[in-house]
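Quick mapping for you: the protein sequence lines, in order, are chains A and B. Numbering-wise, the working numbering puts 263 at position 195 of the first sequence, and it's gapless, one number per residue. Numbering-wise, the working numbering puts 185 at position 143 of the second sequence, and it's gapless, one number per residue.
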Amino acid sequence: MESMSATVWRALGNDSDKAPVTPHLPTWTEAILGQSTSAEAVAGLRKALGLDLPAHERYLRWLGGLLSGDPGVSLINRLPVAQLIGPRLANSLLLTALTAAVAVPLALLIGITTAIWRGTLYDRVANVTAVSLVAIPEFLLATVGVILFAVQLRWVSAMATPSVSSLGEALQSFTLPVLTLAFAVTAQMARMTRAALLGVLDSSYIEMARLKGVRPMRLVLRHALRNAAGPIANAVALNLSSLLGGVIIVEVIFSYPGLAKLAVDAVETRDMPLVQACAMIFCTAFMLLVLVADVCSILANPRLRTT
Amino acid sequence: MSDAAILATPRRRLSTAGKTGIAVALAWATLAVFGPYLAPYSAGHVGNAGVFAAMSASHPLGTDYLGRDMLSRILYGARYTVGVAMIATLLACAGGIALGILSAVRRGWTDSVVGRAADALISIPHLMFALVVVAAFGTSLPVLILMAAISYVPGSFRFARALALDINAMDFIQVARARGERTSYVVWAEILPNMIVPLLTDFGLRFVFVVLLLSGLSFLGLGIQPPNADWGALVRENITGIYEAAPAVLMPALAIAVLTISITLLIDGLSGRDRMMVR
Numbered sequence: 069m070e071s072m073s074a075t076v077w078r079a080l081g082n083d084s085d086k087a088p089v090t091p092h093l094p095t096w097t098e099a100i101l102g103q104s105t106s107a108e109a110v111a112g113l114r115k116a117l118g119l120d121l122p123a124h125e126r127y128l129r130w131l132g133g134l135l136s137g138d139p140g141v142s143l144i145n146r147l148p149v150a151q152l153i154g155p156r157l158a159n160s161l162l163l164t165a166l167t168a169a170v171a172v173p174l175a176l177l178i179g180i181t182t183a184i185w186r187g188t189l190y191d192r193v194a195n196v197t198a199v200s201l202v203a204i205p206e207f208l209l210a211t212v213g214v215i216l217f218a219v220q221l222r223w224v225s226a227m228a229t230p231s232v233s234s235l236g237e238a239l240q241s242f243t244l245p246v247l248t249l250a251f252a253v254t255a256q257m258a259r260m261t262r263a264a265l266l267g268v269l270d271s272s273y274i275e276m277a278r279l280k281g282v283r284p285m286r287l288v289l290r291h292a293l294r295n296a297a298g299p300i301a302n303a304v305a306l307n308l309s310s311l312l313g314g315v316i317i318v319e320v321i322f323s324y325p326g327l328a329k330l331a332v333d334a335v336e337t338r339d340m341p342l343v344q345a346c347a348m349i350f351c352t353a354f355m356l357l358v359l360v361a362d363v364c365s366i367l368a369n370p371r372l373r374t375t
Numbered sequence: 043m044s045d046a047a048i049l050a051t052p053r054r055r056l057s058t059a060g061k062t063g064i065a066v067a068l069a070w071a072t073l074a075v076f077g078p079y080l081a082p083y084s085a086g087h088v089g090n091a092g093v094f095a096a097m098s099a100s101h102p103l104g105t106d107y108l109g110r111d112m113l114s115r116i117l118y119g120a121r122y123t124v125g126v127a128m129i130a131t132l133l134a135c136a137g138g139i140a141l142g143i144l145s146a147v148r149r150g151w152t153d154s155v156v157g158r159a160a161d162a163l164i165s166i167p168h169l170m171f172a173l174v175v176v177a178a179f180g181t182s183l184p185v186l187i188l189m190a191a192i193s194y195v196p197g198s199f200r201f202a203r204a205l206a207l208d209i210n211a212m213d214f215i216q217v218a219r220a221r222g223e224r225t226s227y228v229v230w231a232e233i234l235p236n237m238i239v240p241l242l243t244d245f246g247l248r249f250v251f252v253v254l255l256l257s258g259l260s261f262l263g264l265g266i267q268p269p270n271a272d273w274g275a276l277v278r279e280n281i282t283g284i285y286e287a288a289p290a291v292l293m294p295a296l297a298i299a300v301l302t303i304s305i306t307l308l309i310d311g312l313s314g315r316d317r318m319m320v321r
């Protein structure tokens, strides 16, 4: 039991085997030079890192480096940031892609069915559940998941790793993190899908079709869904962007070697170039998803194509 | 559904979920103010129940990884979780509303500059923004509060601006202007009072986000630092108890969940928000 807790403790980024007392966040000179430093050592470090330059010059250097594909060198282990990030980015993409593959179909199914059966008990229960899931912190979902399925039932592993050799191992490794991430995203996405579809179902052409005697199933699938496709695609893309926040917590809890875990470790060691690079990637991904959401709306609704 | 339609929504009776929400929100606010006085032990008191003890009469929520009373730890932590988030949300909404009304009334370049700044800030995921700020400035109470406030100003700004634009286009504003009222009067006496109800629901929603952000950050070990602990930090320091399914690791997380869920349900019931989704 002791070794298990040590593993979990390491999973939270503390590599020492000492008693689990949360270490205080080091200042950046402490992080590099250690606790006891002289003023000369600090001055030398500032010079070596180019921190004696004025802020705008440092910014331009960093920007120039980034634009030419060189995000700098890690302050802690002196490795190029690009080299540290590469494999981690692939791991994070795998985790988020798996989550999206679970969350999107599920959210569409729930969103569409709740819109069809609006006001029924199923709809109300689904709504309250969704509202609650959105407001729950990811670490509660993850903790409950670990206690139930990893500790009590021993079905899956409490740690996640991308290096798996068989389907069984993959299920063991990915089930909990993917489900934890998928819960909140699915809930919000389903609610927005329902809202988008209801917006169409309330329009008068649907009323007309209903009066004409179109069967409910056909009404939704052929008449309503086509016009709701744009807003729904928009909702899907927007909500996938919220994965970017959740993935930070989930990667840390399950000790998954992804980009977000790297970023959190880098913050703990005050490794600024690494933090900056990770933040840039997260922001780019975020903006790409928002862009996709906008493009989906515009493609689906010609009225938005104004010049 | 336009924002003007929300204004016209008749006052509705609160659902059961809404009433429960109010009750829990009030109870948790009380904990934030009086928590330390209600606690059976002091936050640092180590009893003789052992570590990760189960729930018992002397320790209603068990003990933590050092054998401290969990109920007392949570009561002391309420001030950090509820109080800090409340201050940060107040700052965020005050800033957002002021800028939003300013943009809506002034339009022109003020609107463009503030709007583009908000766009830039909104393109950073909140938790990532928090990580960058903590990496750069370290973690302390003022840094955490300001970081959370700044992070949520753009959302509040967009909401307030859209509302103010709608109201600004209404006839009674034109009448007031035709009467020769000054802009400050129009803002304080005509626009702001008509924004209050939707702004309150927006405030509640944003408070939930701030609570989740700050406790997430504390859970990562980058928020409130020991020996103090908010509920997120309590989960983190007791995470080793997960293999004993200790209440110490579940209870603080549940305390957060009850708070955030009840407020969300309350807002949901208040505003009929199931039909309109605002980011």
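We put the beta carbon where it would ideally sit given N, CA and C, even for glycine. Because the structure is a prediction, the values reported are computed rather than measured.
Are the beta-carbon atoms belonging to residue i and residue j less than 8 Å from one another?
i, j, result
"ILE166 of chain B", "MET293 of chain B", "no"
"VAL149 of chain A", "ALA345 of chain A", "yes"
"SER304 of chain B", "THR62 of chain B", "yes"
"ALA127 of chain B", "PHE249 of chain B", "yes"
"TYR194 of chain B", "VAL252 of chain B", "yes"
"VAL291 of chain B", "ILE284 of chain B", "yes"
"ALA250 of chain A", "THR167 of chain A", "yes"
"GLY142 of chain B", "ALA202 of chain B", "yes"
"ALA218 of chain B", "VAL228 of chain B", "yes"
List, in chain order, every chain B residue whose beta-carbon is nearer than 8 Å to that of residue i.
i, result
"MET355 of chain A", "SER165"
List, in chain order, every chain B residue whose beta-carbon is nearer than 7 Å to that of residue i.
i, result
"GLY313 of chain A", "PRO167, HIS168, LEU169"
"PHE350 of chain A", "PRO167, MET170"
Using only the alpha-carbon positions, how far apart do residue i and residue j sit?
i, j, result
"ASN302 of chain A", "THR181 of chain A", "19 Å"
"ASN159 of chain A", "ILE349 of chain A", "14 Å"
"GLY112 of chain A", "THR197 of chain A", "57 Å"
"VAL202 of chain A", "GLY314 of chain A", "11 Å"
"LEU163 of chain B", "PRO196 of chain B", "7 Å"
"ASN280 of chain B", "ALA109 of chain A", "38 Å"
"THR152 of chain B", "VAL343 of chain A", "33 Å"
"LEU221 of chain A", "HIS101 of chain B", "28 Å"
"THR90 of chain A", "ALA361 of chain A", "Note that THR90 of chain A scores 43 on pLDDT, short of 50, meaning its location in the model is unreliable and no value can be drawn from it."
"ASP120 of chain A", "ARG126 of chain A", "9 Å"
"LEU289 of chain A", "ALA263 of chain A", "16 Å"
"ARG371 of chain A", "THR261 of chain A", "21 Å"
"CYS135 of chain B", "LEU234 of chain B", "13 Å"
"ILE266 of chain B", "THR188 of chain A", "44 Å"
"LEU195 of chain A", "ARG259 of chain A", "Note on identity: in this sequence residue 195 of chain A is Asn, with Leu being the wrong assignment. Between ASN195 of chain A and ARG259 of chain A, the C-alpha separation is close to 7 Å."
"ALA295 of chain B", "PRO230 of chain A", "28 Å"
"ILE100 of chain A", "GLY263 of chain B", "20 Å"
For residue i, does the count of other Cβ atoms within 10 angstroms reach 16, so buried, or fall short, so exposed?
i, result
"GLU286 of chain B", "buried"
"ALA123 of chain A", "exposed"
"GLU275 of chain A", "exposed"
"ASN210 of chain B", "buried"
"THR95 of chain A", "exposed"
"ASN236 of chain B", "buried"
"LEU131 of chain A", "exposed"
"ASP310 of chain B", "buried"
"ALA81 of chain B", "buried"
"LYS329 of chain A", "buried"
"ASN307 of chain A", "buried"
"GLY222 of chain B", "exposed"
"PHE214 of chain B", "exposed"
Kindly indicate which residue of the options has the alpha-carbon position closest to the one of residue i.
i, options, result
"ASP161 of chain B", "A:ARG371, A:ALA368, A:LEU359, A:LEU372", "A:LEU359"
"LEU53 of chain A", "A:GLY137, A:PHE207, A:LEU287", "No answer is possible for residue 53 of chain A: the residues shown for chain A start at 69 and end at 375."
"ILE187 of chain B", "B:ASP153, B:LEU242, B:VAL124, B:LEU241", "B:VAL124"
"GLY298 of chain A", "A:CYS364, A:SER106, A:ARG192, A:ARG262", "A:CYS364"
"VAL172 of chain A", "A:LEU269, A:ARG338, A:VAL246", "A:VAL246"
"LEU276 of chain B", "B:THR105, B:VAL66, B:ALA91, B:LEU205", "B:THR105"
Name, please, each residue of chain B whose Cβ falls closer than 9 Å to the Cβ of residue i.
i, result
"ILE317 of chain A", "LEU169, GLY258, PHE261, LEU262"
"THR229 of chain A", "Those within 9 Å of THR229 of chain A in chain B number zero; the least Cβ separation is about 19 Å."
"SER225 of chain A", "Per Cβ cutoff of 9 Å: no residues; SER225 of chain A is ~13 Å from chain B at best."
Taking residue i as the query, report the chain A residues whose CB atoms sit under 7 Å from its CB, ordered along the chain.
i, result
"GLY246 of chain B", "Simply none; closest approach about 11 Å."
"LEU254 of chain B", "PRO205"
"ALA191 of chain B", "Chain A residues near ALA191 of chain B: none, gap ~18 Å exceeds 7 Å."
"VAL174 of chain B", "VAL343, ALA347"
"VAL250 of chain B", "ALA203"
What residues from chain A crowd round residue i, counting only those whose CB sits closer than 8 Å?
i, result
"ALA59 of chain B", "VAL196"
"VAL147 of chain B", "The contacting residues do not exist; VAL147 of chain B stays about 26 Å from chain A at best."
>> Can you pull out the residues from the region 289 to 317 of chain B whose beta carbon lies closer than 8 Å to at least one beta carbon of chain D?
In response: Judged by its chain identifiers, the structure shown contains no chain D, and its protein chains are A and B.
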